[in-house]
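Protein chains in written order, with my numbering: chain P, 115 to 409; chain F, 4 to 244.
For every residue, glycine included, the Cβ atom is placed at its ideal position computed from N, Cα and C.
Structure record follows, encoded as structure tokens.
In structure tokens:
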């Protein structure tokens with residue numbers, strides 16, 4: 115039982131990161147129908163920003179704030195430079211654009227920074243282990259669970275209690291009619307990207323804090339997982355993305371814990387098999403909603 | 004009462020094309036302050052395209068397109084709406100996962116300069132007691148008639164000078180249709196100018212001052228509501244006399 119609880123905490127921590135990333139993808143997709151594969155590079159950029167801020171001597175909390183600011187700015191610029199010119203184009207065009215942005219950024223990281231991982235000086239106070247009764251939890255895991263829950267709560271408050279949040283929910287339903295409310299299409303889309311950047315930034319900080327290093331391809335795998343999570347949950351559904359993220363984290367951790375050792379290398383294959391099973395029975399995803407993408 | 008020299012909306016040579024398909028082929032249209040003007044015609048005649056083009060939601064070209072003295076050419080919908088012309092779209096299109104109150108709030112979100120949204124909302128809830136009762140319900144849970152009232156209420160939150168209504172009676176029960184038409188008359192009496200697209204020709208011509216009949220993207224007939232009512236074309240095609 116204790117082992118199961120321990121695994122559950124591990125799953126919450128990993129799934130939470132997937133959930134934040136999947137949510138970032140879903141926020142943008144729900145409004146402009148774009149699956150942003152350059153989302154992972156927002157994580158990477160955050161990692162580098164935190165890394166360099168620490169090298170320049172900023173204290174860790176300030177470095178984190180700098181990282182998040184850079185992530186939001188990068189997301190905002192991505193929209194302005196790459197995605198706005200193709201807004202309203204076909205899904206394929208949008209998808210290819212996001213692959214291009216992702217590829218360009220990776221090459222820039224490799225050539226301007228380094229192709230090798232750069233260590234990030236995470237404060238020693240974060241590497242401790244917290245013992246709660248029979249359970250042992252890494253300090254960073256604990257922080258990541260708390261931060262994830264705080265982000266989810268904060269986003270929920272933003273979406274339901276502020277005018278910008280209501281506008282985003284309305285935009286996800288019917289973008290054209292939102293414009294008839296006198297709300298600028300461009301600022302609603304920009305807000306969506308800034309939020310998705312913040313979510314990627316938080317996930318990036320948590321990811322880097324666990325790994326202790328940054329490399330140009332750092333964002334690739336987690337964002338692929340987040341994409342899978344968003345699909346399981348039902349693309350465009352925000353609660354679906356969160357549910358999908360936690361479910362995928364849970365599946366991975368359980369497989370890691372209970373698969374026989376000879377099968378462990380195939381862990382991801384089993385995880386994806388489960389995803390396929392979910393989609394066979396619910397091709398629209400677990401919590402799908404009708405998405406209207408009109409401009 | 005009307006000022007023929009200074010119409011609120013004045014359009015010349017409006018065309019709307021979706022790719023190779025021309026839905027509206029060069030129409031002239033005038034709406035004066037305080038009027039109800041109705042746009043009639045069969046399905047696919049270009050009525051909805053015309054309204055969507057006026058607010059900038061459909062791809063449009065025109066020789067001249069003026070609203071309250073400003074040129075509408077090239078303006079995006081959000082700017083046009085802020086200038087005082089708004090559309091209640093066909094099929095109501097309320098934000099169904101948002102509450103009634105949130106729908107109204109969004110309607111007034113950017114219009115503090117045009118009117119006091121809090122005051123407008125209070126007036127609105129007095130006029131639509133049913134919306135006041137349902138303020139915290141999801142808009143999607145309302146009946147069709149209630150949703151239509153919400154859609155109109157949401158548009159009124161922007162304190163418009165000109166309200167474009169696209170098929171407000173579509174799919175509603177006859178008593179509800181009567182209430183919607185009463186409401187439209189009421190709004191005009193309070194000084195609002197209305198451009199109404201309707202399939203319900205008899206009731207529209209009863210309430211309207213003037214009308215245009217569209218066919219295949221062109222204006223086929225126009226005149227005072229009275230003249231249209233008694234014209235043989237309308238009698239044959241729509242009123243079944």
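Could you check what DSSP says for residue i in three-state terms: helix, strand or coil?
{"i": "residue 193 of chain F", "result": "coil"}
{"i": "residue 227 of chain F", "result": "strand"}
{"i": "residue 276 of chain P", "result": "coil"}
{"i": "residue 175 of chain F", "result": "coil"}
{"i": "residue 396 of chain P", "result": "coil"}
{"i": "residue 382 of chain P", "result": "helix"}
{"i": "residue 236 of chain P", "result": "coil"}
{"i": "residue 6 of chain F", "result": "With a pLDDT of only 48 at residue 6 of chain F, under the threshold of 50, the placement of this residue in the model should not be trusted, and no figure is reported."}
{"i": "residue 126 of chain F", "result": "helix"}
{"i": "residue 322 of chain P", "result": "helix"}
{"i": "residue 248 of chain F", "result": "Given that chain F is displayed from residue 4 to residue 244, the structure contains no residue 248 of chain F and the question cannot be resolved."}
{"i": "residue 327 of chain P", "result": "strand"}
{"i": "residue 88 of chain F", "result": "strand"}
{"i": "residue 180 of chain F", "result": "helix"}
{"i": "residue 98 of chain F", "result": "coil"}
{"i": "residue 93 of chain F", "result": "coil"}
{"i": "residue 22 of chain F", "result": "coil"}
{"i": "residue 235 of chain F", "result": "helix"}
{"i": "residue 296 of chain P", "result": "coil"}
{"i": "residue 139 of chain F", "result": "coil"}
{"i": "residue 149 of chain P", "result": "coil"}
{"i": "residue 28 of chain F", "result": "strand"}
{"i": "residue 229 of chain P", "result": "coil"}
{"i": "residue 213 of chain P", "result": "helix"}
{"i": "residue 194 of chain P", "result": "helix"}
{"i": "residue 242 of chain P", "result": "coil"}
Interface residues of chain P around residue i at Cβ under 8 Å?
{"i": "residue 139 of chain F", "result": "Chain P residues near residue 139 of chain F: none, gap ~12 Å exceeds 8 Å."}
{"i": "residue 99 of chain F", "result": "287"}
{"i": "residue 221 of chain F", "result": "Here the premise fails: no neighbours, minimum Cβ distance about 26 Å."}
{"i": "residue 132 of chain F", "result": "Going along chain P, no residue has its Cβ under 8 Å from residue 132 of chain F, so there is no contact; the nearest lies around 23 Å."}
{"i": "residue 84 of chain F", "result": "293, 294, 295 and 296"}
{"i": "residue 120 of chain F", "result": "Within chain P, no residue comes near residue 120 of chain F; the closest Cβ sits about 11 Å away, beyond 8 Å."}
What residues in its chain sit with their C-beta under 8 Å from that of residue i, if we drop five residues either side in the sequence?
{"i": "residue 6 of chain F", "result": "Here the model assigns residue 6 of chain F a pLDDT of 48, short of 50, so the residue's position is not dependable and the matter cannot be decided."}
{"i": "residue 127 of chain F", "result": "107, 134, 156, 159 and 160"}
{"i": "residue 121 of chain P", "result": "367, 368 and 371"}
{"i": "residue 4 of chain F", "result": "Per-residue confidence for residue 4 of chain F stands at a pLDDT of 47, beneath the threshold of 50, marking its modelled position as unreliable; the derived number appears in the next sentence. The residues are 37."}
{"i": "residue 242 of chain F", "result": "204, 205 and 232"}
{"i": "residue 218 of chain F", "result": "44, 45 and 48"}
Give the interface partners of residue i over in chain P, defined as CB-CB distance under 9 Å, in chain order.
{"i": "residue 80 of chain F", "result": "290, 293, 294, 296 and 299"}
{"i": "residue 161 of chain F", "result": "294, 295 and 296"}
Which residues in chain P sit within 7 Å of residue i, going by Cβ to Cβ distance?
{"i": "residue 63 of chain F", "result": "What residue 63 of chain F touches in chain P: nothing, since even the nearest Cβ is about 15 Å away."}
{"i": "residue 89 of chain F", "result": "294"}
{"i": "residue 245 of chain F", "result": "Any question about residue 245 of chain F goes unanswered here, given that chain F covers just 4 to 244."}
Apart from the five residues just before and just after residue i, which ones in its own chain have a Cβ nearer than 6 Å to its Cβ?
{"i": "residue 131 of chain P", "result": "317 and 320"}
{"i": "residue 364 of chain P", "result": "125 and 129"}
{"i": "residue 16 of chain F", "result": "29, 65 and 66"}
{"i": "residue 93 of chain F", "result": "51, 169 and 170"}
{"i": "residue 280 of chain P", "result": "none"}
{"i": "residue 223 of chain F", "result": "216"}
{"i": "residue 405 of chain P", "result": "For residue 405 of chain P, the predicted structure reports a pLDDT of 46, less than 50, and the residue's modelled location is therefore unreliable. A value from the coordinates is still provided. Excluding positions up to five away in sequence, the list reads 350."}
{"i": "residue 334 of chain P", "result": "154"}
Along chain F, which residues have their Cβ under 9 Å away from the Cβ of residue i?
{"i": "residue 281 of chain P", "result": "109 and 112"}
Please go through the same chain and pick out, in chain order, the residues whose beta-carbon is closer than 7 Å to the beta-carbon of residue i, but skip the five residues on each side of it.
{"i": "residue 233 of chain P", "result": "326 and 327"}
{"i": "residue 311 of chain P", "result": "156, 185, 186, 188, 189 and 190"}
{"i": "residue 147 of chain F", "result": "174 and 175"}
{"i": "residue 113 of chain F", "result": "85"}
Is residue i near the ligand NAP - that is, is its Cβ less than 7 Å away from at least one heavy atom of it?
{"i": "residue 163 of chain F", "result": "Judged by which ligands are present, the structure shown has none, so any question about the ligand NAP falls away."}
(message) For the pair the segment 47 to 56 of chain F and the segment 97 to 110 of chain F, tell me if three or more CB-CB distances fall below 8 Å.
(response) Too few Cβ pairs lie closer than 8 Å, so no.
(message) Closer than 8 Å between beta carbons: that is the criterion. Which residues of the segment 284 to 308 of chain P meet it against chain F?
(response) Going along the segment 284 to 308 of chain P in chain order, one finds 284, 287, 288, 290, 291, 292, 293, 294, 295, 296, 297, 298 and 299 with a Cβ nearer than 8 Å to chain F.
(message) Pairs of beta-carbons, one from the segment 318 to 331 of chain P and one from the segment 159 to 169 of chain P, closer than 8 Å: are there three or more?
(response) Contact between the segment 318 to 331 of chain P and the segment 159 to 169 of chain P is present: 3 or more CB-CB pairs across the two stretches fall below 8 Å.
(request) Note down, in chain order, all residues in the segment 246 to 279 of chain P with a beta-carbon under 8 Å from any beta-carbon belonging to chain F. (result) Along the segment 246 to 279 of chain P, going in chain order, the ones with a CB nearer than 8 Å to a CB of chain F are 277.
(message) For the structure I just gave you, are there three or more beta carbon pairs, one from the segment 143 to 160 of chain F and one from the segment 65 to 75 of chain F, closer than 8 Å?
(response) With the cut-off at 8 Å, the segment 143 to 160 of chain F and the segment 65 to 75 of chain F do not touch.
(request) Decide if the segment 274 to 281 of chain P is in contact with the segment 136 to 154 of chain P; the criterion is three or more beta carbon pairs, one per stretch, under 8 Å apart. (result) With the cut-off at 8 Å, the segment 274 to 281 of chain P and the segment 136 to 154 of chain P do not touch.
(message) Closer than 8 Å is the cut-off here; do at least three beta carbon pairs connect the segment 248 to 267 of chain P with the segment 277 to 294 of chain P?
(response) With a cut-off of 8 Å, the segment 277 to 294 of chain P and the segment 248 to 267 of chain P do not count as touching, because too few Cβ pairs lie within range.
(request) Could you tell me whether the segment 149 to 157 of chain P touches the segment 327 to 345 of chain P, where touching means 3 or more Cβ pairs closer than 8 Å? (result) Contact check between the segment 149 to 157 of chain P and the segment 327 to 345 of chain P: three or more CB pairs, one atom from each, fall below 8 Å, which counts as touching.
(message) Under 7 Å, CB to CB, which of the residues in the segment 41 to 64 of chain F have a partner in chain P?
(response) So the close ones are 58 and 60.
(message) Measuring CB atoms only, is the segment 9 to 28 of chain F touching the segment 182 to 195 of chain F, in the sense that at least three cross pairs come out at less than 8 Å?
(response) At 8 Å Cβ cutoff, the stretches do not touch.
(request) Give a yes or no on contact between the segment 202 to 216 of chain F and the segment 230 to 239 of chain F, applying the rule of three or more CB pairs nearer than 8 Å. (result) The count of Cβ pairs closer than 8 Å, one atom from the segment 202 to 216 of chain F and one from the segment 230 to 239 of chain F, reaches three, so the stretches are in contact.
(message) Does the contact criterion of 3 or more C-beta pairs under 8 Å hold for the segment 220 to 230 of chain P versus the segment 323 to 337 of chain P?
(response) Result yes; three or more Cβ-Cβ pairs closer than 8 Å.
(message) Give me the subset of the segment 174 to 193 of chain F whose CB atoms are less than 8 Å from a CB atom of chain P, sorted by chain position.
(response) Flagged: no residues at all.
(message) For the segment 203 to 218 of chain F, list every residue whose C-beta sits within 7 Å of some C-beta in chain P, in sequence order.
(response) Cβ contacts with chain P come from no residue of the segment 203 to 218 of chain F.
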